[in-house]
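**Q** Following numbering that gives the first Met the number 0, the numbering of the sequence shown begins with 0 at its first residue and continues without gaps.
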Amino acid sequence: MRATLASFAAAATLVAAHVTAAAQGVKWDMPTAYPAGNFHTVNILMFAKDVERATGGKLTITVHDNGSLFKANEIKRAVQSGQAQIGEVIISNFSNENPLFGVDSIPFLATSYADARKLWNASRPAIEAALDKQGLKVLYAVPWPPQGIFSAKPIGSVADLKGAKWRAYNPNTSRIAQLIGAQSVTIQAAELTQALATGAVNAFMTSAATGYDSKVWEQVKYFYDVAAWLPKNVVFVSKRAFDALDEPTKQAVLKAAADAEVRGWRESEEKTAWYLDQLRKNGMTVDKGSPQLRSELRAIGETMIQEWSQQAGAQGAAILKAYRP
Ligand code: PCA
Numbered sequence: 000m001r002a003t004l005a006s007f008a009a010a011a012t013l014v015a016a017h018v019t020a021a022a023q024g025v026k027w028d029m030p031t032a033y034p035a036g037n038f039h040t041v042n043i044l045m046f047a048k049d050v051e052r053a054t055g056g057k058l059t060i061t062v063h064d065n066g067s068l069f070k071a072n073e074i075k076r077a078v079q080s081g082q083a084q085i086g087e088v089i090i091s092n093f094s095n096e097n098p099l100f101g102v103d104s105i106p107f108l109a110t111s112y113a114d115a116r117k118l119w120n121a122s123r124p125a126i127e128a129a130l131d132k133q134g135l136k137v138l139y140a141v142p143w144p145p146q147g148i149f150s151a152k153p154i155g156s157v158a159d160l161k162g163a164k165w166r167a168y169n170p171n172t173s174r175i176a177q178l179i180g181a182q183s184v185t186i187q188a189a190e191l192t193q194a195l196a197t198g199a200v201n202a203f204m205t206s207a208a209t210g211y212d213s214k215v216w217e218q219v220k221y222f223y224d225v226a227a228w229l230p231k232n233v234v235f236v237s238k239r240a241f242d243a244l245d246e247p248t249k250q251a252v253l254k255a256a257a258d259a260e261v262r263g264w265r266e267s268e269e270k271t272a273w274y275l276d277q278l279r280k281n282g283m284t285v286d287k288g289s290p291q292l293r294s295e296l297r298a299i300g301e302t303m304i305q306e307w308s309q310q311a312g313a314q315g316a317a318i319l320k321a322y323r324p
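1. Checking the sheet assignment: what are the DSSP bridge partners for Thr284?
2. Which residue comes first and which comes last in the beta strand (DSSP E) that contains Asn42?
3. Along the chain, which unbroken stretches of the beta strand (DSSP E) at least 3 residues long are found entirely within the segment 63 to 103?
4. Just to confirm, are Phe100 and Phe93 a CB contact at a threshold of 7 Å?
5. From the DSSP output, which residues share a beta bridge with Tyr139?
6. Please list the terminal residues of the continuous alpha helix (DSSP H) segment that includes Pro124.
7. Tell me whether Trp119, by its Cβ, gets closer than 6 Å to a heavy atom of ligand 1.
8. With a cut-off of 8 Å on the beta carbons, I'd call Glu260 and Tyr139 a contact; round off their distance for me.
9. Identify the continuous alpha helix (DSSP H) that holds Pro30 and give its terminal residues.
10. Within the continuous alpha helix (DSSP H) that includes Trp307, where are the two ends?
11. By how many angstroms is the C-alpha of Leu58 removed from the C-alpha of Trp119?
12. Bridge partners of Lys164, per DSSP?
13. Thinking just about the alpha-carbon of each residue, which of Gln305, Asn281 and Tyr223 is nearest to the one in Pro290?
14. For the pair the segment 111 to 127 and the segment 190 to 204, tell me if three or more CB-CB distances fall below 8 Å.
15. Where does Ser150 fall in DSSP's three states?
16. Can the beta-carbon of Val137 be found less than 7 Å from the beta-carbon of Phe235?
17. Verify whether the separation of the beta carbon atoms of Leu135 and Ala207 is less than 7 Å.
18. Give every residue of the same chain whose Cβ lies closer than 8 Å to the Cβ of Gly282, excluding the five residues on either side of it in the sequence, and list them in chain order.
19. Spatial neighbours of Arg293 within its chain, please: C-beta separation below 8 Å, excluding the five flanking residues on both sides.
Right, here's the structure in full:
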């Protein structure tokens, strides 16, 4: 009798533990790569809050920003392997895995928000399918503001960048370094301020947003706003984690993601001028770039689109055709 009671009590404790776990809900960790005040991060926090509210706390997402849980280039693998359930990456960092991931980082293919949107519409199905094969479900994507050149010294032509210590963040920005004769070193945004402080880099392409986040004006005085491309951050979830949710929770995640996509594109575009103003207010010279610089950069873009077309084959051709019919 005593033994039976004991095992009954043990079983009851187990049941209670399960009930508590269900009541506490599902918890997801969300590693991201960019700092707290960045507009992508702010948008992600709103997304997480929307999910928690819509599910009545059945699903909570803890955001780990600025590479604090996984470094920028480790986040994708972490979500694929189930170490995290959901994450944000800049998708062009992974163009070595699949050239399609780099289509938004080809210089001068899509240089405005309207064109970036058209390119995303044209490339989204193929990118989603590629990520799906890797066990990832795309939730939404948001572009960075247009990419320009930051330089410690003034530049009037591509030749002025020869030998520069060039910070790259993805394979395409490394390729640009080769084409302009610069020495490239890949550094993610979370380490950019330090790389500048130690003199490891003195020129790079990114958005005014990252220039602002990294306070680059301490070392870098010039920004050439050539608007060469608008790379996108993609938020994806492990398919296994998503499929384990009940139907209303799935719908809540998809709804919050659709809202985050709309909000993110709007914020990115609206904040572009503000970010440029902050660079000026902190003593930087913001310039459109000389006609020579701009035309030489366009020529580099032409080379890179040809290279990309070769790598991306028939799928790439279909995307380009859908983008500019
Ligand atoms: N900022 C990120 C990627 C593109 C951008 O605008 C960075 O510089 O790492």
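Note that the Cβ used here is the ideal one computed from N, Cα and C, for glycine as well. This structure is a prediction, so every number in the text was calculated from the model and none was measured.
**A** Taking the geometry as given:
1. Tyr221
2. Taken as a continuous stretch (DSSP letters only), Asn42 belongs to no beta strand (DSSP E), being part of the alpha helix (DSSP H) at Phe38 to Ala53.
3. Taken in chain order, the unbroken stretches of beta strand (DSSP E) that lie wholly in the segment 63 to 103 and span 3 residues or more are 85 to 89.
4. It is a contact, given that the beta carbons lie within the stated cut-off.
5. Paired residues: Val234.
6. Tyr112 to Lys132
7. no
8. 4 Å
9. Per DSSP, Pro30 belongs to no alpha helix (DSSP H); it is in the beta strand (DSSP E), Val25 to Pro30.
10. Pro290 to Tyr322
11. Roughly 29 Å between the two C-alpha positions.
12. Gln182
13. Its Cα nearest to that of Pro290, the residue Tyr223 stands out among Gln305, Asn281 and Tyr223.
14. no
15. strand
16. For Val137 and Phe235, yes; Cβs fall inside 7 Å.
17. no
18. Trp216 and Lys220
19. Val225 and Lys287
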